[in-house]
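A.B. asks: Below you will find the structure I want to go over with you.
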């Protein structure tokens with residue numbers, strides 16, 4: 120609709136005046152729509168609640184002012200070169216409203232970025248490969264929109280009082296960025312479906328009845344003082360957990376979550392988390408990746424992967440990314456994977472030495 124407004128406003132035949140004004144105002148909804156999109160990504164829900172209609176208040180207010188001035192006063196308006204132009208100048212109240220809405224839009228984007236950041240903190244408590252669902256793409260998407268809006272706001276004379284770009288350039292830039300971000304949002308929404316699912320499915324610690332619980336309740340700090348788990352029971356479960364890790368090797372699954380382990384042990388996610396935190400003195404991410412590092416070392420020592428690269432062996436052991444494997448291996452062993460392989464070169468000369476740090 121925004122594209123339609125710019126296309127018609129630069130042509131000689133302006134038709135459907137009221138509809139064009141409505142299209143012009145659609146840009147006001149950018150902030151609320153971005154916020155609602157971010158919320159749907161994080162919560163796995165796309166339903167609109169009645170309370171969400173309050174996000175339409177800025178748009179409705181501006182439309183009410185514009186149409187009131189146009190139809191109820193002599194200060195009629197026309198549309199030209201990507202702008203609505205009042206006969207005797209835009210009312211002060213409208214100028215103030217537009218600039219306030221620009222700030223509100225940036226605030227919406229800022230809140231969205233903060234929500235993404237806060238939701239992805241503490242993922243290592245529940246996922247063995249949290250870097251796969253850290254929503255970096257969404258952060259970049261939101262920051263890109265913020266930067267684009269700042270450039271447009273500074274380019275428009277209402278904000279600074281002088282022209283940095285021509286009317287046509289402003290319209291073209293606004294339309295191009297809008298279309299580009301729309302296609303980008305659709306693409307990444309499909310491309311990163313695994314991340315969107317993983318944020319919702321199987322991470323509802325302490326709520327075993329509902330595996331689709333939104334992530335809101337998950338990322339907060341887990342407290343165990345009222346769990347009722349005795350020290351003897353915790354010790355028993357720690358032995359069962361280590362036996363399970365040794366026999367079933369669940370860590371070979373790149374997508375392993377806390378819920379997966381809890382389900383196999385027939386206990387709650389909260390109980391497994393407490394056992395790992397208190398008995399092992401680790402979080403879930405550290406606990407699982409220690410087993411993956413040991414599996415990697417054993418595979419290299421056995422010499423069963425002579426035609427594999429170091430990264431390929433690591434992936435077979437459950438690591439999902441090169442950076443996580445390298446940093447985890449270095450932290451646990453004190454040496455890089457390549458150095459470890461080199462130290463066994465005398466016996467296993469066939470293993471390809473591909474340094475994952477590069």
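In the numbering used here, the protein residues as written are 120 to 477. Idealized CB from N, CA, C, for every residue including glycine. Predicted model only: the values in this text are computed from it and were never measured.
Apply the 10 Å Cβ neighbour rule to residue 393 and answer buried if 16 or more other Cβ atoms are within range, or exposed otherwise.
C.D. replies: It is buried - the Cβ of residue 393 has at least 16 other Cβ atoms within 10 Å.
A.B. asks: Can you check which of these residues, 378, 368, 267 and 429, is closest to residue 457 by C-alpha distance?
C.D. replies: The option with the nearest alpha carbon to residue 457 is 429.
A.B. asks: Could one say the Cβ of residue 154 lies closer than 9 Å to chain C's Cβ atoms, at least one of them?
C.D. replies: Given the protein chain composition of this structure (a single chain), no chain C is represented.
A.B. asks: Is the beta carbon of residue 403 closer than 9 Å to that of residue 518?
C.D. replies: As shown, the chain starts at 120 and ends at 477. That puts residue 518 outside it, with no answer to give.
A.B. asks: Just to confirm before moving on: does the CB-CB distance between residue 177 and residue 152 stay below 9 Å?
C.D. replies: No, they are not a contact pair.
A.B. asks: What three-state label does DSSP hand residue 165 in the structure shown?
C.D. replies: Residue state, collapsed to three classes: coil.
A.B. asks: What residue range is occupied by the uninterrupted alpha helix (DSSP H) comprising residue 179?
C.D. replies: Taken as a continuous stretch (DSSP letters only), the alpha helix (DSSP H) holding residue 179 covers 176 to 191.
A.B. asks: Should residue 268 be labelled buried (16 or more other beta-carbon atoms within 10 Å of its own) or exposed?
C.D. replies: Buried is the call here.
A.B. asks: DSSP three-state label for residue 455, please.
C.D. replies: If DSSP states are grouped into helix, strand and coil, residue 455 belongs with coil.
A.B. asks: How far does the alpha helix (DSSP H) with residue 363 in it extend, from its first residue to its last?
C.D. replies: Segment 350 to 367, the alpha helix (DSSP H) holding residue 363.
A.B. asks: Helix, strand or coil: how does DSSP classify residue 376 here?
C.D. replies: Correct three-state label for residue 376: strand.
A.B. asks: In terms of residues, what are the limits of the alpha helix (DSSP H) holding residue 229?
C.D. replies: Start and end: 211 to 238.
A.B. asks: Please state the DSSP three-state secondary structure of residue 254.
C.D. replies: Note: residue 254 maps to coil in three-state DSSP.
A.B. asks: Please tell me whether residue 184 and residue 147 are closer than 9 Å, where the distance is taken between their beta carbons.
C.D. replies: No, the pair does not count as a contact, with Cβ atoms beyond the cut-off.
A.B. asks: Would you call residue 453 buried or exposed, if buried means 16 or more other Cβ atoms sit within 10 Å of its Cβ?
C.D. replies: When all chains shown are included, residue 453 counts as exposed.
A.B. asks: With residue 404 as the anchor, note down where its alpha helix (DSSP H) starts and where it stops.
C.D. replies: It spans 403 to 421 - the alpha helix (DSSP H) in which residue 404 sits, taken as one unbroken run.
A.B. asks: From the DSSP output, in three-state form, read off residue 431 for me.
C.D. replies: Here residue 431 sits in helix by DSSP.
A.B. asks: May I ask you to report which of helix, strand or coil DSSP gives residue 389?
C.D. replies: Helix.
A.B. asks: What's the C-alpha gap between residue 383 and residue 149?
C.D. replies: Cα to Cα, the separation comes out at about 45 Å.
A.B. asks: Spatial neighbours of residue 222 within its chain, please: C-beta separation below 7 Å, excluding the five flanking residues on both sides.
C.D. replies: Same-chain partners within the cutoff: there are none.
A.B. asks: Please classify residue 190: is it buried, with 16 or more other beta-carbons within 10 angstroms of its beta-carbon, or exposed?
C.D. replies: It counts as exposed.
A.B. asks: What does a CB cutoff of less than 6 Å around residue 408 pick up in its chain, not counting 5 residues either side in sequence?
C.D. replies: Excluding sequence neighbours, residue 408 sits near 447.
A.B. asks: What number of angstroms, rounded off, separates the C-alpha of residue 169 from the C-alpha of residue 219?
C.D. replies: Going by the C-alpha atoms only, they are around 24 Å apart.
A.B. asks: Comparing C-alpha positions only, which one of 162, 226, 381 and 233 sits nearest to residue 174?
C.D. replies: The residue with the shortest Cα to Cα distance from residue 174 is 226.
A.B. asks: Pick from 260, 239 and 387: whose alpha carbon is nearest that of residue 154?
C.D. replies: The candidate whose alpha carbon is nearest that of residue 154 is 260.
A.B. asks: Would residue 369 pass as a contact of residue 380 if the rule is Cβ separation under 9 Å?
C.D. replies: Against a cut-off of 9 Å, the Cβ pair of residue 380 and residue 369 comes out as a contact.
A.B. asks: Considering only the alpha carbon of each residue, which of 351, 235, 434 and 366 lies closest to residue 162?
C.D. replies: Among 351, 235, 434 and 366, the Cα nearest to that of residue 162 belongs to 235.
A.B. asks: For residue 433 versus residue 406, is the C-beta distance shorter than 9 Å?
C.D. replies: Not a contact, by the Cβ cut-off of 9 Å.
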